[in-house]
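Following the numbering used here, the residues of the sequence shown are numbered contiguously, the last one being 843. Written below as structure tokens is the structure these notes are about.
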Amino acid sequence: MNEKQRHEQNQIKQTNPSDIKSDQDNLNRLKEKTSDDFIKYFEATYEPPNLRKAQKRGKQDVKYDEFQIDEQFQGLGKGKKYLIRTYGCQMNEHDTEVMSGLLEEMGYESTTDTKEADIILLNTCAIRENAENKVFGEIGHLKPLKVENPDLIIGVCGCMSQEEAVVNRILEKHHQVDLIFGTHNIHRLPQLVQNAYLSKERVVEVWSKEGDVIENLPKRRQGKIKAWVNIMYGCDKFCTYCIVPYTRGKERSRLPEDIIQEVRHLAAQGYKEVTLLGQNVNAYGKDLEMEYGLGDLMDEIRKIDIPRVRFTTSHPRDFDDRLIEVLAKGGNLMPYIHLPVQSGNSDVLKLMGRKYTRERYLDLVRKIKEAIPHASFSTDIIVGFPNETEEQFQDTLSLYDEVGFESAYTFIFSPREGTPAAKFNDKISMEEKKDRLQRLNAKVNAYSAEAMKKYEGQTVKVLVEGESKNNPDVLAGYTEHSKLVNFIGPKSAIGQIVEVKITEAKTWTLDGVMVEESIEVS
Ligand code: 5AD
Ligand code: SF4
């Protein structure tokens, strides 16, 4: 896009939250106008990620709202089918459940066949470059479908839609995409789909800034056993490598009563496990006008009659004593803690903007282990941060040994446009980074295998999720420490917590046999 086009695009109206109420009036008026007027109204401009501006964002102006679907949208999807492809983290998985809920309230039915779909949404992830490349690959694959069926609506949403460069690239090169909307615009999906049908032109709606907290959104949950529950949105940590604070907006906590009510409702529906979700769940409550944090919330949730409660993702900096004290009460609070460390070297941590040192991280782990001796830990690690030396990398390896993580997600640093670390000069070659990743992964695998080995001969409690993916005669589920167990047992065990005797440990999974009488135990 040249300067002139960019300038023109910037003149196009950006839809913003205060416009929502008058949208229908505008739409009615616009229907009588030309398609050019229509595009001008609906193609939103985009404010690029701006670190200084984003860091100054205020705490006060979050709006709490209740969702209600407008009657006019209810029959819009009747007789039609939708398909959503999800990339990235649990937050995206859960957003897909909300979007599915919204589409089903409009009358759409789900399909897994792209050829059958009337609307296909790609719910995208921006965390690393390869995640984005996959999405662009998929956008390309969808092109022939659009040629075959011009009525098909293809939409791109999720984190990538919050990036200026991505929106521009799609607008310029991928004309098969009809609809682009951001992470703060999900609740507007019915309206946006209607706009896409009416305009037959591209609809872009990306609010760049904060986002509100919208309660009561419909959800089509993926199963009836485990459920995700958002407790907060956004992130204010601004780790220097990370795009999330820009794509997901500022930290906004849901009110405790709304979360507790949702968990109670899930328990009443028979769900066996909830995972409390947020980019940095330990910051929960900081933006609320009361002294109330994640520990307080968990203390209330543990009293709800639901067998398993988990939470993700933690930030070591905000992991406080109150939370440790509550987790130590055990019960339905699972003794498995995902605690991303990113690096074992304090200088690298400083450059990453993580706001803790190696020593503080190890101190925190020690404190948690003292309070919850049977807790196990997993982590996230980035290797090859700009100019990371071999010595600094060795610190990561030695920290891994000191903690004895049972598993880890490991990544090579990927520069993300708009983040401070993307501007750092980097003398380390990709070859060296790949080599470090390999060496780290060898350690990760060894520790995982060792952790698994300890379970051989033990009896563990497994929440049975269904048949194993590879063999329908085998059941599969997870232990309290989040280990995947494949075992022989009756189908009636699905959805129950049963005891399984572990017969063999593999690197990442366990094999076992169900203890016969344990089905009543649950
Ligand atoms: N490059 C590589 N890994 C990243 N992560 C976040 N941003 C980047 C990046 N730019 C990793 C972190 C985070 C996990 C979700 O993804 O380890 O914890
Ligand atoms: Fe990204 Fe997590 Fe850091 Fe937030 S805390 S900026 S989501 S890595």
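In this text, a Cβ means the ideal position worked out from N, Cα and C, and glycines have one as well.
Quiz prompt | Segment limits, beta strand (DSSP E) that includes ARG406 | solution = 402-407
Quiz item: Would you say the beta carbon of ILE702 comes nearer than 8 Å to a heavy atom of the ligand COA?
Solution: Among the ligands present in this structure, namely the ligand 5AD and the ligand SF4, the ligand COA is not found.
Quiz prompt | Proximity test, ARG629 beta-carbon vs the ligand 5AD heavy atom, cut-off 8 Å | solution = no
Quiz item: Taking the C-alpha atoms as reference points, what is the distance between ILE507 and LYS558?
Solution: 23 Å
Practice problem: Kindly indicate which residue of ASP620, VAL662 and GLN483 has the alpha-carbon position closest to the one of LEU718. | Solution: VAL662
Quiz item: Exposed or buried, LEU351, counting other C-beta atoms within 10 Å across all chains shown (16 or more means buried)?
Solution: Caution applies to LEU351, whose pLDDT of 36 falls short of 50 and renders its modelled position unreliable; the value that the coordinates give is listed next. When all chains shown are included, LEU351 counts as buried.
Quiz item: Regarding TYR910 and the ligand 5AD, is the C-beta to nearest heavy atom distance less than 8 Å?
Solution: Nothing in the structure corresponds to residue 910, since the chain is present only between 322 and 843.
Practice problem: Run the proximity test for THR634: is its beta-carbon closer than 8 Å to any non-hydrogen atom belonging to the ligand 5AD? | Solution: At least one heavy atom of the ligand 5AD is nearer than 8 Å to the Cβ of THR634, so yes.
Quiz prompt | Element boundaries [beta strand (DSSP E), containing ARG631] | solution = 629-633
Practice problem: Just confirm the distance between the C-beta atoms of ILE474 and ALA517, as a whole number of angstroms; I'd bet it's less than 8 Å. | Solution: 5 Å
Exercise. For THR417, collect the residues of the same chain with a Cβ closer than 6 Å to its Cβ; drop the 5 residues on either side in sequence, then sort them by chain order.
Key: Excluding positions up to five away in sequence, the list reads ILE405, THR407 and ASN444.
Self-check item: Exposure label - ILE300; buried when at least 16 CB within 10 Å
Solution: What is shown of the chain runs 322 to 843, which leaves residue 300 out entirely.
Self-check item: Other residues of its chain near THR800: CB distance less than 7 Å, five sequence neighbours each side excluded
Solution: VAL781, LYS782, VAL783 and VAL806
Self-check item: Touch test, the segment 573-581 against the segment 485-495, Cβ-Cβ under 8 Å, three pairs minimum
Solution: no
Quiz item: Which residues mark the beginning and the end of the alpha helix (DSSP H) in which GLU621 is found?
Solution: 615-622
Quiz prompt | In DSSP terms, what GLY458 is bridged to | solution = In the DSSP assignment, GLY458 is bridged to no other residue.
Quiz prompt | Residue range of the alpha helix (DSSP H) that includes THR636 | solution = Inspection of the sequence shows that residue 636 is occupied by His rather than by Thr. HIS636 -> no alpha helix (DSSP H), and no H or E assigned at all.
Quiz item: Could you give the uninterrupted runs of the beta strand (DSSP E) lying entirely in the segment 548-624, keeping only those of 3 residues or more?
Solution: 594-598
Quiz prompt | beta-carbon GLN497 near the ligand SF4 non-hydrogen atom, thresh 8 Å | solution = no
Quiz item: Using DSSP with H/G/I as helix, E/B as strand and the rest coil, what is VAL834?
Solution: strand
Quiz prompt | Within 9 Å, strictly: CB atoms of PRO511 and GLU426 | solution = yes
Quiz item: Relative to the alpha-carbon of ALA548, which residue among GLN389, TYR730, ILE733 and GLU414 has its alpha-carbon at the smallest distance?
Solution: GLU414
Quiz item: DSSP state of GLU825, grouped into three classes?
Solution: strand
Quiz prompt | Inter-residue CB distance, ALA826 and TYR776 (contact presumed, cutoff 8 Å) | solution = 6 Å
Exercise. For LEU598, collect the residues of the same chain with a Cβ closer than 7 Å to its Cβ; drop the 5 residues on either side in sequence, then sort them by chain order.
Key: GLN411, MET412, HIS415, TRP549, VAL550, ASN551, ILE552 and THR633
Exercise. Hey, could you find the ends of the beta strand (DSSP E) GLU788 is sitting in?
Key: 780-788
Quiz item: Is the distance from the Cβ of GLY555 to the Cβ of GLU526 below 9 Å?
Solution: Cβ distance not < 9 Å, so GLY555 and GLU526 don't count as in contact.
Self-check item: Residue nearest to SER803 in terms of C-alpha spacing, selected from GLY725, GLN590, ARG585 and ILE658
Solution: ILE658
Quiz item: When the Cα atoms are used, what is the spatial distance from THR830 to VAL765?
Solution: Straight-line Cα distance between these residues: approximately 14 Å.
Quiz prompt | Rounded distance between the beta-carbons of ASN603 and LEU644, thought under 8 Å | solution = 7 Å
Quiz item: Using the C-alpha atoms, what's the distance from ILE733 back to GLU484?
Solution: Roughly 21 Å between the two C-alpha positions.
Quiz item: GLY674 and PRO736: beta carbons closer than 9 Å?
Solution: no
Practice problem: Reducing DSSP to helix, strand and coil, say where TYR518 ends up. | Solution: helix
Quiz item: Straight-line CA distance for GLY422 to ILE440?
Solution: 14 Å
Self-check item: Opposing strand residues paired with PHE502 [DSSP bridges]
Solution: GLU526
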